[in-house]
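Engineer: Below is one structure. I have some questions about it.
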Amino acid sequence: MRVVHVIDSLNRGGAEVMLTGMAPHFQVRGVTCDVLVLIRRPSPLEQDLLDNGIRLQFTEVRNLYSPRQIFALVRLLRGYDLIHVHLFPAQLWSVLAVALCKDRTPLVTTEHNTWNARRRWWMRPLDRWMYPHYKRIACNSEATAEHLIEWCPGIADKTTVIPNGIPLDAFENAQPATLDHVPHHVTRLVFTARFETQKDHATLLRALPSVPGAHLIFVGDGPLRPQLEQMAQSLGIRSRVTFLGWRKDVGAVLKASDIYVHSTHSDGFGIAACEAMAAGLPVVASDVPGLAQLVAGVGILFPAEDDRVLASHLNALIQSPERQNEMRMAGLQRVRELSIENTVDGYIRMYESVLQTRATQMAEVQ
1 MRVVHVIDSL NRGGAEVMLT GMAPHFQVRG VTCDVLVLIR RPSPLEQDLL DNGIRLQFTE
61 VRNLYSPRQI FALVRLLRGY DLIHVHLFPA QLWSVLAVAL CKDRTPLVTT EHNTWNARRR
121 WWMRPLDRWM YPHYKRIACN SEATAEHLIE WCPGIADKTT VIPNGIPLDA FENAQPATLD
181 HVPHHVTRLV FTARFETQKD HATLLRALPS VPGAHLIFVG DGPLRPQLEQ MAQSLGIRSR
241 VTFLGWRKDV GAVLKASDIY VHSTHSDGFG IAACEAMAAG LPVVASDVPG LAQLVAGVGI
301 LFPAEDDRVL ASHLNALIQS PERQNEMRMA GLQRVRELSI ENTVDGYIRM YESVLQTRAT
361 QMAEVQ
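The sequence shown begins at 1 in UniProt numbering and counts up one residue at a time.
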């Protein structure tokens, strides 16, 4: 089986990290897995894919939203059994490209979040036209599926849930990183995410002045980093916040921390929170669909954007080592079934179902 994954870019976001992690597992299972990227930007994920023997292609069209992407895809999508698309506008361009191809290779897609910028009334006709062209739509959580079906009711029969997964051993067995610039006598709070509008680093920064004895570690990068650094300065907490940038040893940084805080406006699954659980950290997270489904019952949820409630939860948790340990154990138990191997198994079953249906339909026509 030859499958090509089409994605906007290799920025260090949840979808991109998920694809990079799955690709070598597809290869091991006998599924040829190529990755086709619309926009080439500097990213460590590119080298990760190459190191694992994954064939990478780029459209070489500089503008992500240029219709020229369609014609580049027509040229590059030949010879595959299945096309698996991630994110928008790759989803739109791929539908239009396949419409121009002779063989009409089946399309599948993954919906990675409960919300996106197209959830506006004037964009609904586009989505209601686009999604039915996909043979299957995999959602990374029940919440993501529910929100998508509410937005586009006509695709309910095409939708399936395949939870995200992670390489459990890489986080469970990681050795703590040496963070010389972070004090040892404080509680280390950590958050792993891109600095972008979907995430909510600002609420965590606003909460920190009310959490004495805590030091905040941000792992990640992105366009909002300068603004957040300035915010930490203006709040008088700059010396209590460490911006690590992107790290390849995320598991090691988690192991060197005490509590994981996932502050966000929306999150279809919460793969970074899943990684933190696997590393044995208690998790405190925004109560938003998708992420809440992962954390409920094993961690602490707080109303999104409410820094006062967040600070209260953190202070109580810091004062209760027993509660921290309970959350660690519960989190480890929760992630046992969320291995990347299980996720890949789910996708392979979906691929086989789509191809079997196509073979049956072609046989009937003949």
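Don't be surprised by glycine CBs; every beta carbon is placed ideally from N, CA and C.
Would you call the region 96-105 and the region 68-88 in contact, with 3 or more CB pairs under 8 Å?
Structural biologist: yes
Engineer: Find the nearest neighbour of residue 157 within the set 174, 134 and 244, judged by alpha-carbon distance.
Structural biologist: 134
Engineer: DSSP beta-bridge partners for residue 312?
Structural biologist: Looking at the DSSP assignment, residue 312 forms no beta bridge with any residue, so it has no partner.
Engineer: Using the C-alpha atoms, what's the distance from residue 291 back to residue 275?
Structural biologist: Using only the alpha carbons, I get a separation of about 13 Å.
Engineer: Count the other CB atoms, across all protein chains shown, that sit within 10 Å of the CB of residue 248; report buried if there are 16 or more and exposed otherwise.
Structural biologist: exposed
Engineer: Do the region 230-248 and the region 260-272 touch if we need at least three Cβ pairs shorter than 8 Å?
Structural biologist: no
Engineer: May I ask which residues mark the beginning and end of the alpha helix (DSSP H) holding residue 271?
Structural biologist: 271-278
Engineer: Which one of 28, 29, 21 and 61 has the shortest CA to CA distance from residue 45?
Structural biologist: 21
Engineer: Comparing alpha-carbon positions, which option in 128, 57 and 82 lies nearest residue 92?
Structural biologist: 128
Engineer: Between which two residues does the alpha helix (DSSP H) holding residue 99 run?
Structural biologist: Residue range 90-99 is occupied by the alpha helix (DSSP H) that includes residue 99.
Engineer: Within the same chain, show all residues whose beta-carbon is closer than 6 Å to that of residue 168, passing over the 5 residues directly before and after it, in chain order.
Structural biologist: The residues are 278 and 339.
Engineer: Are residue 252 and residue 112 close, meaning C-beta to C-beta below 8 Å?
Structural biologist: no
Engineer: Hey, which unbroken runs of the alpha helix (DSSP H) at 4 residues or more fall wholly within the UniProt domain "Glycosyl transferase family 1" (189-331)?
Structural biologist: 201-207, 225-234, 250-255, 271-278, 291-295 and 307-318
Engineer: Compare the beta carbon distance of residue 342 and residue 79 with 8 Å and say whether it is the shorter of the two.
Structural biologist: In this structure, residue 79 does not lie closer than 8 Å to residue 342 by Cβ.
Engineer: Alpha carbon to alpha carbon, how far is residue 69 from residue 62? Give it in angstroms, no decimals.
Structural biologist: Residue 62 and residue 69: Cα-Cα distance of roughly 9 Å.
Engineer: May I ask you to list the residues that DSSP assigns as paired with residue 58?
Structural biologist: Answer by DSSP bridge pairing, in chain order: 37.
Engineer: Check the DSSP bridge columns for residue 7 and list the partner residues they point to.
Structural biologist: Answer is 37 and 86.
Engineer: Can you check which of these residues, 67, 204, 105 and 317, is closest to residue 5 by C-alpha distance?
Structural biologist: Residue 105 is the option with its Cα nearest to residue 5.
Engineer: With a cut-off of 8 Å on the beta carbons, I'd call residue 246 and residue 220 a contact; round off their distance for me.
Structural biologist: 6 Å
Engineer: Since residue 331 and residue 289 are thought to touch, with beta carbons under 8 Å apart, how far apart are those beta carbons, to the nearest angstrom?
Structural biologist: About 19 Å; that fails the 8 Å criterion.
Engineer: Going by beta carbon distance, what residues of the same chain come within less than 8 Å of residue 52, once the five residues before and after it are set aside?
Structural biologist: Cβ within range, chain order: 23, 24 and 27.
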